[in-house]
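Heads up: the protein sequence lines correspond to chains A and B, in order.
So the first sequence is numbered by the numbering used here: it starts at 10 and just counts up by one.
So the second sequence is numbered by the numbering used here: it starts at 10 and just counts up by one.
Protein chains: 2
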Amino acid sequence: MNRYAIIVAGGSGSRMGTEIPKQFLEIHHKPVLMHSISRFFDFDNHLQIIVVLPEKQIDFWERLCIKYKFNIPHQIVKGGAERFFSVQNALNTINLEGIVAIHDAVRPLVSQQTIDLAFASAATRGNGIPAISIKDSLRKFNETHNHAVNRSNYKIIQTPQCFKVSDIKKAYFQEYRQEFTDDASVLEYSGAKVYLTEGNNENIKITNPFDLKLAEFLLNS
Amino acid sequence: MNRYAIIVAGGSGSRMGTEIPKQFLEIHHKPVLMHSISRFFDFDNHLQIIVVLPEKQIDFWERLCIKYKFNIPHQIVKGGAERFFSVQNALNTINLEGIVAIHDAVRPLVSQQTIDLAFASAATRGNGIPAISIKDSLRKFNETHNHAVNRSNYKIIQTPQCFKVSDIKKAYFQEYRQEFTDDASVLEYSGAKVYLTEGNNENIKITNPFDLKLAEFLLNS
Numbered sequence: 010m011n012r013y014a015i016i017v018a019g020g021s022g023s024r025m026g027t028e029i030p031k032q033f034l035e036i037h038h039k040p041v042l043m044h045s046i047s048r049f050f051d052f053d054n055h056l057q058i059i060v061v062l063p064e065k066q067i068d069f070w071e072r073l074c075i076k077y078k079f080n081i082p083h084q085i086v087k088g089g090a091e092r093f094f095s096v097q098n099a100l101n102t103i104n105l106e107g108i109v110a111i112h113d114a115v116r117p118l119v120s121q122q123t124i125d126l127a128f129a130s131a132a133t134r135g136n137g138i139p140a141i142s143i144k145d146s147l148r149k150f151n152e153t154h155n156h157a158v159n160r161s162n163y164k165i166i167q168t169p170q171c172f173k174v175s176d177i178k179k180a181y182f183q184e185y186r187q188e189f190t191d192d193a194s195v196l197e198y199s200g201a202k203v204y205l206t207e208g209n210n211e212n213i214k215i216t217n218p219f220d221l222k223l224a225e226f227l228l229n230s
Numbered sequence: 010m011n012r013y014a015i016i017v018a019g020g021s022g023s024r025m026g027t028e029i030p031k032q033f034l035e036i037h038h039k040p041v042l043m044h045s046i047s048r049f050f051d052f053d054n055h056l057q058i059i060v061v062l063p064e065k066q067i068d069f070w071e072r073l074c075i076k077y078k079f080n081i082p083h084q085i086v087k088g089g090a091e092r093f094f095s096v097q098n099a100l101n102t103i104n105l106e107g108i109v110a111i112h113d114a115v116r117p118l119v120s121q122q123t124i125d126l127a128f129a130s131a132a133t134r135g136n137g138i139p140a141i142s143i144k145d146s147l148r149k150f151n152e153t154h155n156h157a158v159n160r161s162n163y164k165i166i167q168t169p170q171c172f173k174v175s176d177i178k179k180a181y182f183q184e185y186r187q188e189f190t191d192d193a194s195v196l197e198y199s200g201a202k203v204y205l206t207e208g209n210n211e212n213i214k215i216t217n218p219f220d221l222k223l224a225e226f227l228l229n230s
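Here you go:
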């Protein structure tokens, strides 16, 4: 069975307060995106890796690969205006059946077990979405009110989200909607049932300078 | 106006895989609980600090204070079987009006700003509950189903939760309920409106070895 990993990099760097998009910032000797790619290569070195980048960042990335002597084979696909269109572009390059993992470029700390469980769930149940529990109290709010909700009924969702290629391709034929914050929500909207798997606490999404410092520490330790 | 901080330590150490309860584990040269107390003393050295501890840990704590030459003045109150009863015991020692902050002993990284905003909100609106946004996707689930929810309608709740003493004392006259995961939920159940303030990302709750490592790193940096 063919196995793919689509690694989606969309960040422009604005929230980091840096010129360089966050996926290219160096932590623990190499750019964030190289760590993320390596995690999938370590998991399965026959995996077909597809990296989605904003068009204007592709040259820069290729120069980074030379600079860092980064030689894990991967295909590059141009991103779209929203994450949805970026993933759609990548899925359009896959013709065959199999399982595809869709991963945020800025999650360099995904564990081998998280990847493994999500792929295994997709192979048997059609999809596998890594999730972790919430240990703080949780409140739901609107403009005027807020109220406590039972945190044990909620999970924080991570990536890689793994799918049968045919299911997720079909789901991505839908019109784009703003509610689509991740691939599981796209699949769900197409009518399919979503299956949760165990994520890992370290698998943080790097979006601000605090996260970057934390990721550096976790990679060093 | 009188200002109080009740710092609640309930942990037994089981989830940490250690013999020593997590509030007593040493990070960055002193036990977690001493860091938490120091944050409030640094904020206002006239604050009346009340530490709630399980009865069988009180001797150990007093010996730790001697060992570490820890001399921030604080009163010790015996804890109850649930966090609810621990807070109730501490509130019973406060007679006067004023503002009280109720804080988890295992949150040694609360910022001065988080404390300040919560106290200020309590002074003007009756209460102030620190909260942070959720940046990952969120799902609600039960035994058979799960579905995406809009993460921008939810917040992760932290401590210190600050209240007008009279309001929170009245709320704690209620019967204990299992839904009471924090003081804001106790207040809310008494019919009062809850006001959210800005928390800080670093203000993590130490519940497992990963958190402890992270807290050590954050305190060192």
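Here a beta-carbon is modelled for each residue, glycine too, at the ideal position from N, C-alpha and C.
As the structure is a computational prediction, the values presented were derived from the model and not from experiment.
Candidates the options, of which the one nearest residue i by Cα
i         : options                                       : result
Gln84(A)  : Gly208(A), Ala90(A), Ile15(A) and Glu207(A)   : Ile15(A)
Pro30(A)  : Asn11(A), His55(A), Phe49(A) and Phe69(A)     : Phe69(A)
Pro63(A)  : Gly19(A), Val109(A) and Phe150(A)             : Gly19(A)
Thr123(B) : Cys171(B), His154(B), Phe93(B) and Arg134(B)  : Cys171(B)
Asn80(A)  : Ile46(A), Ala110(A) and Phe52(A)              : Ile46(A)
Lys65(A)  : Val86(A), Asp53(A) and Asp51(A)               : Val86(A)
Leu126(A) : Phe52(A), Arg186(A) and Lys222(A)             : Phe52(A)
Val158(A) : Leu42(B), Glu197(B), Phe50(B) and Lys39(B)    : Glu197(B)
Ala201(B) : Ser194(A), Asn155(A), Pro40(A) and Glu71(A)   : Asn155(A)
Lys179(A) : Gln187(A), Ala193(A) and Pro169(A)            : Ala193(A)
Lys39(A)  : Ile75(A), Ala90(A), Phe150(A) and His55(A)    : Ile75(A)
Gly208(A) : Phe128(A), Asn101(A) and Tyr77(A)             : Phe128(A)
Ile111(B) : Ser161(B), Glu71(B), Pro169(B) and Asn54(B)   : Pro169(B)
Gly88(B)  : Leu221(B), Asn101(B), Ala132(B) and Leu228(B) : Asn101(B)
Ala90(A)  : Phe49(A), Val61(A), Phe150(A) and Thr133(A)   : Val61(A)
Glu152(A) : Leu228(B), Arg148(B), Ser161(B) and Thr153(B) : Ser161(B)
Glu71(A)  : Phe150(A), Asn217(A), Met43(A) and Glu28(A)   : Met43(A)
Asn54(B)  : Glu28(B), Pro82(B) and Phe33(B)               : Pro82(B)
Phe49(B)  : Phe33(B), Asp113(B) and Leu34(B)              : Asp113(B)
Phe189(B) : Leu228(A), Arg148(A) and Phe189(A)            : Arg148(A)
Heavy atom of the ligand MG within 6 angstroms of residue i beta-carbon
i         : result
Phe189(B) : This structure lacks the ligand MG, and indeed carries no ligand of any kind.
Residue i and residue j closer than 7 angstroms at C-beta
i         : j         : result
Tyr204(B) : Gly137(B) : yes
Leu105(A) : Asn11(A)  : yes
Gln57(A)  : Tyr181(A) : no
Ala99(B)  : Ile67(B)  : no
Ile36(B)  : Ala224(B) : yes
Gly7(B)   : Asp176(B) : A query on residue 7(B) cannot be resolved here, the shown segment of chain B reaching from 10 to 230 and no further.
Val115(A) : Val41(A)  : yes
Phe93(B)  : Tyr185(B) : yes
Thr206(B) : Ser146(B) : no
In DSSP terms, what residue i is bridged to
i         : result
Val17(B)  : Val61(B) and Asp113(B)
Tyr163(A) : Lys149(B)
Phe172(A) : Val109(A) and Asn136(A)
Val86(B)  : Val61(B)
His156(A) : Lys149(A)
Ser142(A) : Lys164(A)
Leu205(B) : Ile138(B)
Lys179(A) : Paired residue(s): none; Lys179(A) is not in a bridge.
Glu35(A)  : Pro40(A)
Arg12(A)  : Ile108(A)
For residue j and residue i, believed in contact at Cβ under 8 angstroms, the rounded distance
i         : j         : result
Ser95(B)  : Val17(B)  : 5 angstroms
Gln183(A) : Ser199(A) : 6 angstroms
Phe219(A) : Phe226(B) : Wrong, their Cβ atoms sit about 11 angstroms apart, outside the cutoff.
Ser230(B) : Lys78(A)  : Contact flag wrong, Cβ pair sits at about 30 angstroms.
Partners in chain C for residue i, counting only beta-carbon separations shorter than 9 angstroms
i         : result
Ser142(B) : Any reference to chain C falls outside this structure, whose protein chains are A and B.
Problem - Three or more C-beta pairs below 8 angstroms linking the segment 161-169 of chain B and the segment 131-143 of chain B - result: yes
Exercise for the section: Determine, using beta-carbon pairs with one atom in the segment 106-120 of chain A and one in the segment 208-220 of chain A, whether at least three such pairs fall under 8 angstroms. Expected result: yes
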